[in-house]
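Notes follow the structure.
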Amino acid sequence: MEWLLVRHGSAMGQEADAPLTEQGKWEAVALAEVLLPFQPDQVVTSPYRRAIDTIAPFVEQSGASLVVDDRLRERVLSAQPRTDWLQWLQASFADFDLSLTGGESNREAMQRAVSLLTEWEQSRANRVVIVTHGALLTLLLHHFDSRFGFETWKQLSNPDLYQVDVRNGQASVTRLWSAGNMCNMR
């Protein structure tokens with residue numbers, strides 16, 4: 007099974023309906039060009055507008071079907087805005103059960119997203135694109151390799167792209183995109 011894990015492009019905010027910036031729209035077009043040679047069986051995206059808009063050029067060019075799944079929404083750190091959110095985010099990677107009021111722990115968010123992966127692993131798909139958000143992408147990477155954590159999150163770009171190849175229960179993770187530049191291409 008091969009996963010292509012995508013973080014959305016540059017957006018105008020964090021709200022669910024925040025659109026891509028002009029830069030983000032360009033990034034989405036560039037991302038489509040990177041994804042086309044992979045010919046994925048399926049594309050599954052977060053319901054947030056910035057995620058859908060990021061993958062839209064690829065879907066239009068490839069004709070791939072798009073599934074929107076709420077399990078790919080961003081992790082909610084806290085129900086209330088916090089000025090110290092970065093400190094708490096870092097702490098949540100040290101303690102996967104840490105949960106602030108109205109938020110979900112890293113463990114809860116990871117289990118939510120992994121349940122989606124499990125469903126697709128049981129399908130006939132061989133290569134699936136997953137479009138999500140920074141924290142959840144990091145948690146998915148952590149699921150495959152526990153070395154991924156807060157430092158990974160800090161180094162993510164908008165967009166970002168990781169290839170995860172799972173064979174015989176072993177995952178191989180390769181970053182295919184970095185700071186808006188394509189790297190490690192086939």
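If you read the sequence shown in this note's numbering, its first letter stands for residue 7, the second for the next number, and so on. All residues carry an ideal CB built from backbone N, CA and C; glycine is no exception. It should be emphasised that the depicted structure is a prediction, and the values quoted were computed from it without experimental measurement.
Which of the three DSSP states, helix, strand or coil, is assigned to residue i?
i           : result
residue 111 : coil
residue 181 : strand
residue 138 : strand
residue 170 : strand
residue 128 : coil
residue 133 : strand
residue 82  : coil
residue 106 : coil
residue 98  : helix
residue 163 : coil
residue 153 : coil
residue 158 : helix
residue 90  : coil
residue 16  : coil
residue 75  : coil
Can you tell me the Cβ-Cβ gap for residue i and residue j, rounded? I've got them flagged as a contact below 8 Å.
i           : j           : result
residue 35  : residue 63  : 5 Å
residue 182 : residue 167 : 4 Å
residue 81  : residue 143 : Actually they are not in contact, since the Cβ atoms of residue 81 and residue 143 sit about 10 Å apart, beyond 8 Å.
residue 119 : residue 145 : 6 Å
Please tell me whether residue i and residue j are closer than 8 Å, where the distance is taken between their beta carbons.
i           : j           : result
residue 134 : residue 12  : no
residue 72  : residue 49  : yes
residue 156 : residue 179 : no
residue 87  : residue 56  : no
residue 10  : residue 165 : no
residue 85  : residue 108 : yes
residue 116 : residue 148 : yes
residue 30  : residue 17  : yes
residue 8   : residue 169 : yes
Tell me the DSSP bridge mates of residue i?
i           : result
residue 11  : 136, 168
residue 176 : 173
Following a CB-centred definition, is residue i positioned closer than 7 Å to any heavy atom of the ligand MN?
i          : result
residue 67 : Absence of the ligand MN is noted for the structure shown, with no ligands found whatsoever.
Kindly indicate if chain D contains any beta-carbon less than 8 Å away from that of residue i.
i          : result
residue 78 : Absence of chain D from the displayed structure is noted, only one protein chain being present.
Which runs of the beta strand (DSSP E) fall wholly inside the stretch 18 to 73 and span at least 3 residues, in chain order? 48 to 51
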